[in-house]
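From first to last, the protein sequence lines stand for chains A and B. Residues in the first sequence are numbered from 304 upward in steps of one, following our numbering. Residues in the second sequence are numbered from 287 upward in steps of one, following our numbering.
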Amino acid sequence: GAVVSQHPSWVICKSGTSVKIECRSLDFQATTMFWYRQFPKQSLMLMATSNEGSKATYEQGVEKDKFLINHASLTLSTLTVTSAHPEDSSFYICSARKGLAVLGPDTQYFGPGTRLTVL
Amino acid sequence: GQQVMQIPQYQHVQEGEDFTTYCNSSTTLSNIQWYKQRPGGHPVFLIQLVKSGEVKKQKRLTFQFGEAKKNSSLHITATQTTDVGTYFCAGPNKLIFGTGTRLQVFP
Numbered sequence: 304g305a306v307v308s309q310h311p312s313w314v315i316c317k318s319g320t321s322v323k324i325e326c327r328s329l330d331f332q333a334t335t336m337f338w339y340r341q342f343p344k345q346s347l348m349l350m351a352t353s354n355e356g357s358k359a360t361y362e363q364g365v366e367k368d369k370f371l372i373n374h375a376s377l378t379l380s381t382l383t384v385t386s387a388h389p390e391d392s393s394f395y396i397c398s399a400r401k402g403l404a405v406l407g408p409d410t411q412y413f414g415p416g417t418r419l420t421v422l
Numbered sequence: 287g288q289q290v291m292q293i294p295q296y297q298h299v300q301e302g303e304d305f306t307t308y309c310n311s312s313t314t315l316s317n318i319q320w321y322k323q324r325p326g327g328h329p330v331f332l333i334q335l336v337k338s339g340e341v342k343k344q345k346r347l348t349f350q351f352g353e354a355k356k357n358s359s360l361h362i363t364a365t366q367t368t369d370v371g372t373y374f375c376a377g378p379n380k381l382i383f384g385t386g387t388r389l390q391v392f393p
């Protein structure tokens, strides 16, 4: 159990366009989902925390108008990169936390990631 | 804010050698988690440590949580090429990730 999927796995887009990335928890309900960004050979940087039915909480320095997050259901969160630019090219990873985690209160399950390239 | 640093950043070892990565937090942690990320992959949960001074083993991997709950270590005995990847420690709640240690194992 505890499988998280992301779609698409990779996307190439032109500068100025918007890209939507979906994160789904396939076999559990996720009250909280997290969005991370990872640049090559660097650590994961938390962008925002997404709670079902409420507005996302963004980390300092992350533009909420540029990275729109919607957590419409307990199994789906979406990240939309609006008016993407080449500097937004990165590996975007979501994770989901179970409401009642068996392994521990903070255990998160990661999606496979989405590699975004903006030309 | 909370910062989690890891050393070393990179480690190249010969297959069969041991490997250790250290994680240090600027604040006391209620728990710490370790993840492994293979090249091109996503982080995979390895273990969570909760108690002060806790030591847990998973086959060749030994995880330790410091007495003050501000540092942790991961030790791999007799590395194998399958151990290649980046090892991250992460603090609780929002999972603030450490800087990571990239392990390369030469056969």
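The beta-carbon is built from N, C-alpha and C at its ideal position, and this holds for glycine as well.
For Asn354 (chain A), the closest C-alpha among the options A:Gln363, A:Trp338, A:Pro343, A:Glu366 is that of A:Trp338.
Per DSSP, Lys337 (chain B) lies in no beta strand (DSSP E) segment and is marked neither H nor E. In the DSSP assignment, Asn310 (chain B) falls within the unbroken beta strand (DSSP E) covering 305 to 311. Inter-residue distance for Glu340 (chain B) and Thr320 (chain A) is about 49 Å (C-alpha atoms, whole angstroms).
Per the coordinates, the alpha-carbon of Thr363 (chain B) lies some 16 Å from the alpha-carbon of Thr387 (chain B). At a cut-off of 9 Å between beta-carbon atoms, Lys344 (chain A) makes contact with chain B.
Residue ranges of uninterrupted beta strand (DSSP E) with 3 or more members, entirely inside the stretch 346 to 376 of chain B and ordered along the chain, are 347 to 351, 357 to 362, 371 to 376. Across the set B:Met291, B:Gln289, B:Pro294, B:Gln300, the C-alpha of B:Gln300 shows the shortest separation from the C-alpha of Thr365 (chain B).
Among the residues of the stretch 327 to 340 of chain B, those with a Cβ less than 8 Å away from any Cβ of chain A are Gly327, His328, Pro329, Val330, Phe331, Gln334, Val336, in the order of the chain.
Closest by C-alpha distance to Val290 (chain B), out of B:Pro325, B:Ile318, B:Lys337, is B:Ile318. A distance of 9 Å or more separates the beta carbons of Leu329 (chain A) and Val365 (chain A). Distance check between Ser346 (chain A) and each of B:Phe392, B:Ile382, B:Pro393 places B:Ile382 closest, using alpha-carbon atoms only. DSSP lists no bridge partner for His374 (chain A). The beta-carbon of Ile293 (chain B) is placed no less than 9 Å from the nearest beta-carbon of chain A.
Any Cβ of chain A closer than 9 Å to the Cβ of Phe351 (chain B) would place that residue at the interface, and such an atom is absent. Partner residues in the beta bridge of Asn354 (chain A), as assigned by DSSP, are A:Thr335. The Cβ atoms of Gln350 (chain B) and Leu335 (chain B) lie closer than 9 Å to each other. Residue state for Glu301 (chain B) is assigned as coil, using DSSP reduced to three classes. The three-state reading of DSSP puts Glu390 (chain A) in helix, counting H, G and I together.
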